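In our numbering, the protein residues as written are 452 to 800.
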Amino acid sequence: MPIPSIDSDFLVDFLTRLLNTPSPTGYAERAIALTEEALAQFPELRLSRNRKGALLAEWPGVESGSPRALTAHVDTLGAMVKEIKSNGRLKLTQIGGYAWNTIEGEGVAIFPSKGGSPLRGTVLLSMASAHVYGRQVSESKRDEETIEVRLDARTTNAEETRQLGIDVGDFVALDPRVEVTNGFIRSRHLDDKACVACIVAAVKAMRDAGARPVQRTHLLISNYEEVGHGASTGFPPDLTELVAVDMAAVGNGQTSDEFHATLCVKDSGGPYHHDLSQRLRRLVEENEIPYKVDIYPYYGSDGEAYWRAGGDVAVALIGPGVDASHNYERTHTEALVATTQWILAYLLS
Ligand SMILES: [Zn+2]
Numbered sequence: 452m453p454i455p456s457i458d459s460d461f462l463v464d465f466l467t468r469l470l471n472t473p474s475p476t477g478y479a480e481r482a483i484a485l486t487e488e489a490l491a492q493f494p495e496l497r498l499s500r501n502r503k504g505a506l507l508a509e510w511p512g513v514e515s516g517s518p519r520a521l522t523a524h525v526d527t528l529g530a531m532v533k534e535i536k537s538n539g540r541l542k543l544t545q546i547g548g549y550a551w552n553t554i555e556g557e558g559v560a561i562f563p564s565k566g567g568s569p570l571r572g573t574v575l576l577s578m579a580s581a582h583v584y585g586r587q588v589s590e591s592k593r594d595e596e597t598i599e600v601r602l603d604a605r606t607t608n609a610e611e612t613r614q615l616g617i618d619v620g621d622f623v624a625l626d627p628r629v630e631v632t633n634g635f636i637r638s639r640h641l642d643d644k645a646c647v648a649c650i651v652a653a654v655k656a657m658r659d660a661g662a663r664p665v666q667r668t669h670l671l672i673s674n675y676e677e678v679g680h681g682a683s684t685g686f687p688p689d690l691t692e693l694v695a696v697d698m699a700a701v702g703n704g705q706t707s708d709e710f711h712a713t714l715c716v717k718d719s720g721g722p723y724h725h726d727l728s729q730r731l732r733r734l735v736e737e738n739e740i741p742y743k744v745d746i747y748p749y750y751g752s753d754g755e756a757y758w759r760a761g762g763d764v765a766v767a768l769i770g771p772g773v774d775a776s777h778n779y780e781r782t783h784t785e786a787l788v789a790t791t792q793w794i795l796a797y798l799l800s
């Protein structure tokens, strides 16, 4: 069967809504719920959650003897309130791995654990004003000591900030700043919401074409990937293979780009499963899907999380090229469509 056609408007629209739904690791419930709502449109999927809060879907196939799984994660980088400073501003602790300078100047939402609406603020260097601090603005090292959140609320001391409802441990989400131009999607957190959208678009394409996966397929939308253990659990014991769908790393020396899907054959966790990778490679070749093969120098995936937890399955990794990852990211619709086509070719093989 030829690869079903993909509704790329649907893909980009769902992705935009998902990007605009804050979901730092540990506080990803809204993004899980939005994805659940999208997948609930396809009654052929049996949806559930595990106790950890990940979204699971069982998709009956023509056959059931060699069940497969696809996983992508909705949790993202973010922060938590570490400390309320004596000047009323906030110190942060990072959620996930990133450089402090990549969030400087970004707008944030702080979600009070006491309840109530989120507060707004900006991530700034504590010595931010050029007219006051001169060279220190460019020369200060950006770290947890020098970066703070300036709240858009009247407060000049810790007590006033506590009165606003803010406390240590409150989640902080970075503004994604989504912009779609000429097919490019520029946003934070394309890692890995782009791939969640590819999976949802693949389900829709199968439905629109009246197609069923060849094998029973399990989807796992993970909520703890950025801290390393997202998909370490949640798969059925008879699973035979897992394809993790996550962003491809673009940069100097990399083959990946924003217009192709990439097969990652090795990352910081070592090589992926060779036979499964080779099969995926044959599938893109046969279907003339634009792809690259690459190695990611500083990278781990939820596929490896499952391997480390003892998962006895073949694991491979594919995904769209994302520029400036764990920073203000960007990809192109062509890479998303290619990734979705690859997923479809796999489901139908
Ligand atoms: Zn990721």
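Virtual Cβ for every residue (Gly too), placed ideally from N, Cα, C.
This one's a predicted model, so the numbers in the text were calculated from it and none came from an experiment.
Whole-number beta carbon distance between residue j and residue i, since they are thought to touch under 8 angstroms
i: Ala-508; j: Val-696; result: Between Val-696 and Ala-508 the Cβ distance is about 14 angstroms, and since that is not below 8 angstroms, they are no contact.
i: Ala-479; j: Asp-526; result: 4 angstroms
i: Leu-541; j: Val-600; result: 4 angstroms
i: Lys-655; j: Leu-466; result: Lys-655 to Leu-466, Cβ: 13 angstroms. No contact.
i: Ala-712; j: Gly-770; result: 7 angstroms
i: Leu-731; j: Ala-767; result: 6 angstroms
i: Ile-535; j: Arg-593; result: About 20 angstroms separates the two Cβ atoms, so there is no contact after all.
i: Glu-709; j: Gly-772; result: 5 angstroms
Identified DSSP bridge partners for residue i
i: Ser-499; result: Leu-507
i: Arg-769; result: Note that residue 769 is Ile in the sequence shown, not Arg. Bridge partners of Ile-769: Val-696 and Leu-714.
i: Ile-598; result: Leu-576
i: Thr-706; result: According to DSSP, Thr-706 bridges with nothing at all.
i: Pro-473; result: Partner(s): none; Pro-473 has no beta bridge.
i: Pro-722; result: Lys-717
i: Leu-625; result: Val-559
i: Asp-774; result: Arg-781
Residue i, buried or exposed, once every other Cβ within 10 Å from all chains shown has been counted against 16
i: Glu-739; result: exposed
i: Arg-519; result: buried
i: Thr-632; result: exposed
i: Ala-581; result: exposed
i: Val-583; result: exposed
i: Tyr-749; result: exposed
i: Asp-460; result: exposed
i: Gly-567; result: exposed
i: Gly-572; result: buried
i: Lys-545; result: The residue you asked about is not Lys; residue 545 is Gln in the sequence shown. Gln-545 comes out buried.
i: Ser-776; result: buried
i: Asn-703; result: exposed
i: Asp-659; result: exposed
i: Asp-642; result: buried
i: Ser-537; result: exposed
i: Lys-743; result: buried
The beta strand (DSSP E) enclosing residue i, as first and last residue numbers
i: Ser-517; result: 514-524
i: Gln-666; result: 666-673
i: Thr-782; result: 780-783
i: Val-631; result: 630-632
Residue interval of the alpha helix (DSSP H) (run including residue i)
i: Leu-469; result: 459-470
i: Tyr-742; result: Segment 742-746 is the beta strand (DSSP E) holding Tyr-742; no alpha helix (DSSP H) there.
i: Ser-728; result: 725-738
i: Val-619; result: No alpha helix (DSSP H) holds Val-619; DSSP gives it neither H nor E.
i: Arg-637; result: Not the alpha helix (DSSP H): Arg-637 falls in the beta strand (DSSP E), residues 635-638.
i: Val-647; result: 641-660
i: Gly-754; result: 753-759
i: Ile-483; result: 480-490
i: Ala-609; result: 609-614
*Go through the region 522-589 residue by residue and report every complete run of the alpha helix (DSSP H) that reaches 4 residues or more, in order.*
Runs of the alpha helix (DSSP H) inside the region 522-589: 581-584.
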